[in-house]
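Under full-length UniProt numbering, residues 1 to 118 are what the sequence shown spells out, in order. Structure first, then comments.
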Amino acid sequence: MARITGSYPDDLNLLIEAGVFGGKSNALHEFVREYFADHENERIAAAVALYERERITLGDAARVADVDRWTMRDLLREHGVELRFGLVDEDDAASEVEAASGLEFEDENSETEESPAK
1 MARITGSYPD
11 DLNLLIEAGV
21 FGGKSNALHE
31 FVREYFADHE
41 NERIAAAVAL
51 YERERITLGD
61 AARVADVDRW
71 TMRDLLREHG
81 VELRFGLVDE
91 DDAASEVEAA
101 SGLEFEDENS
111 ETEESPAK
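Here is the structure:
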């Protein structure tokens with residue numbers, strides 16, 4: 001996760017001290033979550049812009065936009081952004097592997113079913 005250095009309102013320390021937030025990182029996470037909950041189009045615009053600038057992959061763009069990859073692909077097309085196919089470099093490959101590792105698939109052949117005898 002990236003580190004951010006900057007100034008923040010003095011009240012934030014008081015809110016942390018009161019137990020409203022677990023820390024500055026927790027507060028920032030909550031602020032961003034709340035902002036994007038109220039500004040969904042901004043979240044999508046950010047994902048589209050980052051993908052178009054080749055800063056993130058399709059999987060990352062989907063995560064930023066909080067949609068699945070298929071929806072993200074459609075959103076990119078709606079915004080006139082050309083899809084990139086293939087991996088750009090090793091970092092891109094590692095990012096795709098990380099994104100894929102979080103996916104869950106249902107197995108059609110559960111382990112409790114027996115294979116038909118031949």
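Glycine residues also receive a C-beta, built at the ideal position from the N, C-alpha and C atoms. Everything numeric in this text was worked out from a predicted model, so none of it was measured.
- For residue 35, the number of other beta carbons within 10 angstroms of its own is below 16, and it is reported as exposed.
- When secondary structure is reduced to three states using DSSP, residue 16 falls in the helix class.
- In the structure shown, the three-state DSSP call for residue 71 is helix.
- Residue burial is scored here from C-beta neighbours: residue 59 has at least 16 other C-beta atoms within 10 angstroms and is therefore classed as buried.
- A residue is called buried when at least 16 other Cβ atoms come within 10 angstroms of its Cβ; residue 37 does not meet this threshold and is exposed.
- In its chain, beyond the 5 residues on either side, 21, 24, 27 have a beta carbon closer than 8 Å to the beta carbon of residue 12.
- Contact check between the segment 72-79 and the segment 92-107: fewer than three CB pairs, one atom from each, fall below 8 Å, which does not count as touching.
- Counting C-beta atoms within 10 angstroms of its own C-beta, residue 5 has fewer than 16 neighbours from the protein chains shown and is therefore classed as exposed.
- Contact annotation: residue 49 and residue 65 have beta-carbon atoms that are not nearer than 7 Å.
- Going by DSSP, residue 58 is part of the alpha helix (DSSP H) stretching over 58-65.
- Taking 7 Å as the cut-off, the Cβ atoms of residue 81 and residue 54 do not count as close.
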